[in-house]
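Residue numbers (the numbering used here): 179 to 275.
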Amino acid sequence: MLPIILGMTPFPSRYFLYLNLASALSWSVVFSMAGYLFGKGAALFIEDVGRYEPYLLLALGSIVFCFWISHFVIHWWRKRPARARLRRMKARHNLST
Numbered sequence: 179m180l181p182i183i184l185g186m187t188p189f190p191s192r193y194f195l196y197l198n199l200a201s202a203l204s205w206s207v208v209f210s211m212a213g214y215l216f217g218k219g220a221a222l223f224i225e226d227v228g229r230y231e232p233y234l235l236l237a238l239g240s241i242v243f244c245f246w247i248s249h250f251v252i253h254w255w256r257k258r259p260a261r262a263r264l265r266r267m268k269a270r271h272n273l274s275t
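Okay, here's the thing in C-alpha cells:
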C-alpha cells in the first residue's frame, strides 16, 4: 500500500528506494528472528513431549468428544420447534378422529 501512496506523491524515487530497502531489511530481520525463536521454543517442547503425551492425548480426546456431543445437542435443539409442531398436529388429528 505504501508504494502506491508514495507513487502518487512527489516523493523522490531515490529516497523511496532507500526507504523500501530499509523496510525490507527490518521486515526480514523481525520475521526471521520470530521464526527462529519459535523454532527454539518448539524444540524445547518437543523434547519433553514424551512426558506429557498421555495428558495431551486425553486433552485432545476430550476436545473431540465435546465437539462430537455438541453436534448432537445443537441438532436436537434446532429440531425442537419441528417436534412441537408434529406433536400438535398429531394431537389435532387424534381429536378429530
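Where is the CB? At the ideal position from N, CA and C, for every residue including glycine.
Remember, it's a predicted structure, so these values are computed and weren't measured experimentally.
Pro-181 lies in the alpha helix (DSSP H); which residues open and close that run?
Counting from one through the sequence shown, the residue named residue 181 turns up at place 3. Its alpha helix (DSSP H) spans residues 180 to 186.
Leaving out the 5 sequence neighbours to the left and right, which residues in its chain are closer than 7 Å to Met-211 when beta-carbon positions are compared?
Position 33 of the sequence shown holds residue 211. If we look at Met-211 and ignore the five residues flanking it on each side, it has no Cβ neighbours.
Run of the alpha helix (DSSP H) containing Phe-216, from where it starts to where it stops
The count along the sequence shown starts at 1 and reaches residue 216 at position 38. Start and end: 191 to 225.
Going straight from the alpha carbon of Met-186 to that of Ala-200, what length do you get?
By one-based count along the sequence shown, residue 186 stands at place 8. By one-based count along the sequence shown, residue 200 stands at place 22. If you take the alpha carbons of Met-186 and Ala-200, they lie about 20 Å apart.
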